[in-house]
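Below: the structure, in structure tokens.
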Amino acid sequence: MNKKKISIVAVSAVVIVSLGLGFNSIFKKANTLETDNNDTVVSDQSIETGDELNTEEAKVDKTETKKENKENKKNEDTTDSSGNSNENTSKSTKTDGTETKKPNNDEVEKTDNSSEKPKPSNNEKPKPGNSSEKPKPSNNEKPKPSNNEKPKPGNSSTKPKPENNQTITSPKPKNKTVTIAISCKTAINNGLNKKPGFSHLPSNGIILQNMKVEFNEGDTVFDILVKVTRKKGIHMEYRGSGSNTYIEGINNLYEFDGGSNSGWMYSVNGVYPNYGVGAYKVKSSDVIKFNYTCNLGADLGARAN
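Residue numbers for the sequence shown follow this note's numbering, beginning at 8 and rising by one.
Below is the structure:
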């Protein structure tokens, strides 16, 4: 009985050990299958990404890939001597007897950067015509006139008032004038200019044509005659003063040169006054004439006033 028990125990132990070994081998195979599947999935993804990146790189710029291949070859040559080949070359993974190269991080960054579209910066000005928004008018379009602005002419209804210190000057009155003329036509008509000593007399008898002269208030006919003869340089001689002033000669033609009834007479506005030249005060626009008479004014048509 003991031998049987021992043999049963030994058989059961062998069975248990064999079962345990079997289960271990099964678990190991399962683990290796899972890791292989994961490796294949990773390798398939890397192959897909690598192929996509390679195609994009080929489309973007073929020349860059050629340069990179040359640089990789140079790096492989240098890394063989320095032992740093893993940093510059791409890593390779074996899946089911096939090798797939993983792209470098630099290449992935280049393709990612090349595929990204540049974003406009905030400082860029919008191009004309692209913006659909219409500019809104600002609230400050119409400037309000300041208080210091001067009113435009014609807008104000009130007339400016003169200041208290401002003096309003009235326009100056126009200067008063009279007209004067000097003639000896009667002496010329009597042939006096043909006698010796009278050749200086004008042949037409006009010594001074009509001339306007300014005068001051209170001036007399004698004052006007003095102003004219001095201004024109005409000879004039008189005697007496004031109302007793008497004209003896003008232009070297004296009284009694044309006879016993000859001498100088004056008229104002066509009238011959019966008083002296120093007593007659002139008024504005008066017409004064000095004429030489040979017959006490009868040859002049004089009519005394």
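Glycine residues also receive a C-beta, built at the ideal position from the N, C-alpha and C atoms.
Rounded to the nearest whole angstrom, the C-alpha separation of Lys181 and Glu221 is 10 Å. By the criterion of a C-beta distance shorter than 6 Å, Ile195 is surrounded in its chain by Gly212, once the five residues flanking it on both sides are discounted. Contact between the segment 196-207 and the segment 247-257 is absent: fewer than 3 CB-CB pairs across the two stretches fall below 8 Å. Of the other Cβ atoms in all chains shown, fewer than 16 fall within 10 Å of the Cβ of Asn217; this residue is therefore exposed.
Thr236 sits in a helix when the DSSP states are folded into three classes. Contact holds between the segment 258-270 and the segment 296-303, because three or more Cβ pairs, one in each stretch, are under 8 Å apart. Beta bridge pairing from DSSP links Ile187 with Met218, Ile295. Contact between Val228 and Ile295 holds: CB atoms are separated by about 6 Å, below the 8 Å threshold. When the beta-carbon positions are compared, Tyr273 and Ala309 stay at least 7 Å from each other. Under the DSSP assignment, Ile195 falls in the alpha helix (DSSP H) whose first and last residues are 192-196. A distance of 7 Å or more separates the beta carbons of Ala286 and Ser248.
Pairing Leu215 with Ala188, the inter-Cα distance amounts to about 5 Å.
Setting aside the 5 residues that flank it on each side, Val235 is surrounded in the same chain by Ile187, Leu215, Met218, Val220, each with a C-beta closer than 7 Å to its C-beta; the list follows chain order. A residue is called buried when at least 16 other Cβ atoms come within 10 angstroms of its Cβ; Gly240 does not meet this threshold and is exposed. The beta-carbon distance between Ser190 and Asn298, rounded to whole angstroms, is 5 Å. This is short enough to meet the 8 Å contact definition. When Gly283, Leu26, Ala17, Val22 are compared, the shortest CA-CA separation from Arg246 is found for Gly283. Between Val185 and Asp306, the C-beta gap is not smaller than 7 Å, which leaves the two residues out of contact. As computed with DSSP, Lys288 is found in a beta bridge with Thr227.
Beta-bridge annotation (DSSP): Leu260 is paired with Ile257. Under the DSSP definition of a beta bridge, Glu75 lacks any partner. The C-alpha of Ile23 is placed about 10 Å away from the C-alpha of Val16. When DSSP states are grouped into helix, strand and coil, Ser269 belongs to the coil group. Taking Phe205 as reference, the option from Asp264, Glu244, Glu78, Asp230 with the minimal CA-CA separation is Asp264.
Around the beta carbon of Ile33, fewer than 16 other beta carbons sit within 10 angstroms, so the residue counts as exposed. Separation of the CB atoms of Val275 and Ile231 is rounded to 10 Å, and the pair is thereby denied contact status at 8 Å. A direct Cα-Cα distance of roughly 28 Å separates Gly29 from Lys10. Residue environment analysis places Leu26 among the exposed positions, since fewer than 16 neighbouring C-beta atoms fall within 10 angstroms of its C-beta.
In this structure, Lys183 sits near Ser291, with a CB-CB distance shorter than 7 Å.
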